[in-house]
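Residue numbers (the working numbering): 32 to 269. Think of the CB as a built atom: it goes at the ideal place given N, C-alpha and C, for glycine as much as any other residue. Before any comments, here is the structure.
Laid out in structure tokens, this is it:
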């Protein structure tokens, strides 16, 4: 039996994985609607499309169909509004700060691979007080997820083999990108993603409490049921 590979780094998707950002999407989308004397839509209307980024929010705000092209001027209008509301209503999911602290205590590096452009990703991380070991934004490489290039860039920046890294995300695109980059994957079901039967790779977790135990109490890949050698205390979990 091949020896297990110790996880040396955890890479994260952001929206729907580390934090719920739908509130700020809603504020920006509803600002566009207000300029047109349209009533505000509920946050949940934007949460349903948050995985599609700015284009999804514009389609929701302007009541466009899912396959409608988005006018670049409308998209930039949304981006300007989003910049003004950045991190006003964004909230970490429960236990995320505890998980990040646990990774640091265990000597496990962590980073963010986000499809948002750097103009949003960098100030967002700063406003939330995050200091990742690496941050790859949507315009840091020539591609965005589900292409593996952003995850591969993060792995290279950390100077680690892909086999020693795990990617955590909430969408099929995250799992596909991780697998193509040769990185292990964990898919969370509490976020925005819509799981399909066609993507079955990776481990699935249903809560951040379960994610804590997967990442902190089981730092070795390859043993999905391993629950021993847990140095940590989970008393801070909610």
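A check of alpha carbon separations from residue 65 across 98, 92, 134 identifies 92 as the nearest. The Cβ-Cβ distance between residue 161 and residue 131 falls below 9 Å. Counting only unbroken stretches of 3 or more residues, the beta strand (DSSP E) elements lying wholly within the region 92-166 are 140-144, in sequence order.
If you ignore the 5 residues before and after residue 237, its C-beta comes within less than 7 Å of the C-beta of 220, 221, all in its own chain and listed in chain order. Boundaries of the beta strand (DSSP E) harbouring residue 42: 40-43, taken from the DSSP string.
Taking all protein chains shown into account, residue 207 has 16 or more neighbouring C-beta atoms within 10 Å of its C-beta and is therefore buried. For residue 113, the closest C-alpha among the options 150, 248, 209 is that of 150. In the same chain as residue 140, and ignoring 5 residues on each side of it, the C-beta atoms closer than 7 Å to its own belong to 39, 40, 164, 189, in chain order. Residue 82 carries a helical assignment under DSSP once its states are collapsed to helix, strand and coil. In the displayed model, residue 190 falls within coil according to three-state DSSP, outside both helix and strand. Residue 236: member of the beta strand (DSSP E) spanning 234-236, first to last residue. Here the C-alpha atom of residue 197 lies approximately 5 Å from the C-alpha atom of residue 216. For residue 200, there is no enclosing alpha helix (DSSP H); the residue is part of the beta strand (DSSP E) that begins and ends at 196-200. A straight-line Cα-Cα distance of about 32 Å links residue 45 and residue 68. Annotated as proximal: residue 166 and residue 142, with beta-carbon spacing under 9 Å.
Residue environment analysis places residue 158 among the exposed positions, since fewer than 16 neighbouring C-beta atoms fall within 10 angstroms of its C-beta. Here the alpha carbons of residue 137 and residue 85 stand approximately 36 Å from one another.
In this structure, residue 205 places its C-beta atom within 9 Å of the C-beta atom of residue 176. In the same chain as residue 63, and ignoring 5 residues on each side of it, the C-beta atoms closer than 8 Å to its own belong to 89, 92, 93, 105, 108, 109, 112, in chain order.
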